[in-house]
Amino acid sequence: MIDPNSPRPVIRNIGIGDLRHYRLPVPGVVSILHRISGLLMFLFLPLLIWLFDLSLSSADSYYRLVAFTHGWLARLLLLVLAWSLLHHLCAGVRFLLLDLHLGTDRAAARRSSWIVFAASVPLTLLFALFLFGGA
Amino acid sequence: MPAGVRRAPVGAHYGLRAWLIQRISALVLLAFLLLVAVSLLLAGHADYDAWAGVFAPLPMKLVTALAFLALVYHAWIGVRDVLMDYIKPTGLRLALHSATVLWLLYCLVWSVHILWSV
Chain A
12 MIDPNSPRPV IRNIGIGDLR HYRLPVPGVV SILHRISGLL MFLFLPLLIW
62 LFDLSLSSAD SYYRLVAFTH GWLARLLLLV LAWSLLHHLC AGVRFLLLDL
112 HLGTDRAAAR RSSWIVFAAS VPLTLLFALF LFGGA
Chain B
1477 MPAGVRRAPV GAHYGLRAWL IQRISALVLL AFLLLVAVSL LLAGHADYDA
1527 WAGVFAPLPM KLVTALAFLA LVYHAWIGVR DVLMDYIKPT GLRLALHSAT
1577 VLWLLYCLVW SVHILWSV
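Okay, here's the thing in structure tokens:
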């Protein structure tokens, strides 16, 4: 028998102040990075469209784009954006599989989160090699 | 419908539709990225002619324009969700939502213009 006078459970979102004490599980890290990477790509969309313009307008502008990618700040930015795309893509595929009710138990969800990192991080490093290798 | 029962003006359908579009546009973008990757591999060399050649045929222009549309829709739903989570004052949220829509439409027209100038 439930005592009708017992206090109701309090359910609330964690606040910014709680973050110091709260250890996010790996699927949570994948999730928040999915959000951050998506937002980064949104914020840098004008830069990406500008680069797309340079790449297509003429052979001349194409080589200006190549020259642009020799700058260190540009390389750093492109690396961050490449990571954003790769993480967003890998985590996105994971979310689609979860939507199909694949791997929803805790152990599988944890494993697939690690797989997201195991795919996105080496791919980002590969891109870094391509970006910085062609010095 | 019994007297006095009213349907809420917002509801599950509205959210489900956004949820579904988010996933369909994600699949469109994934397929498009693979298409571009394969086209570049088939071109065999990495220079301006190969890159511009990928986007020169009309069907590829149309497919790319569709991918841009999917991208803009995908970004809109994502940014909308983020704003709904963190921005609580209604006026500010409405202003940011409106700015996002206008900005994304600007980007869409801009990229289609670039595409057709090749």
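As you go down the protein sequences, you meet chains A and B in turn.
Take 12 as the starting number for the first sequence in my numbering and just add one per residue.
Take 1477 as the starting number for the second sequence in my numbering and just add one per residue.
We put the beta carbon where it would ideally sit given N, CA and C, even for glycine.
Review point. What are the boundary residues of the alpha helix (DSSP H) that B/Gly1567 is part of?
Key: Thr1566 to Trp1592
Review point. Taking only beta-carbon atoms, is B/Arg1556 less than 8 Å away from chain A?
Key: Chain A contact via Cβ: absent.
Check your understanding: Taking Cβ-Cβ distances shorter than 8 Å, what residues in chain A pair up with B/Phe1531?
Key -> Leu67
Review point. B/Ala1541 and B/Leu1591: beta carbons closer than 8 Å?
Key: yes
Practice item. May I ask you to report which of helix, strand or coil DSSP gives A/His98? Key: In the three-state reduction of the DSSP assignment, A/His98 falls in the helix class.
Point to revise | Residues within the segment 1497–1523 of chain B neighbouring chain A, beta-carbon criterion of under 9 Å | key: Arg1499, Ala1502, Leu1503, Leu1505, Leu1506, Leu1509 and Asp1523
Check your understanding: Shorter than 8 Å from the beta carbon of B/Val1577 to some beta carbon of chain A?
Key -> no
Review point. Which residues, in order along the segment 22–45 of chain A, keep a beta-carbon less than 8 Å from a beta-carbon of chain B?
Key: none
Practice item. Please decide whether A/Gly49 counts as near chain B, where near means a Cβ-Cβ distance under 8 Å. Key: Chain B contact via Cβ: present.
**Study point:** Under 8 Å from the C-beta of A/Ile3: neighbouring residues of chain B
**Key:** Outside the shown range of chain A, which is 12 to 146, sits residue 3 of chain A, and nothing can be said about it.
Review point. How about B/Ala1541: is its C-beta nearer than 8 Å to some C-beta of chain A?
Key: no
Check your understanding: Are the C-beta atoms of B/Ala1528 and some chain A residue less than 8 Å apart?
Key -> yes
Review point. For a contact meaning CB atoms closer than 9 Å, what does B/Ser1593 contact in chain A?
Key: Residues of chain A passing the Cβ test: Asp64, Leu67 and Ser68.
Review point. Along chain A, in chain order, which residues have C-beta atoms closer than 8 Å to that of B/Ala1546?
Key: What B/Ala1546 touches in chain A: nothing, since even the nearest Cβ is about 13 Å away.
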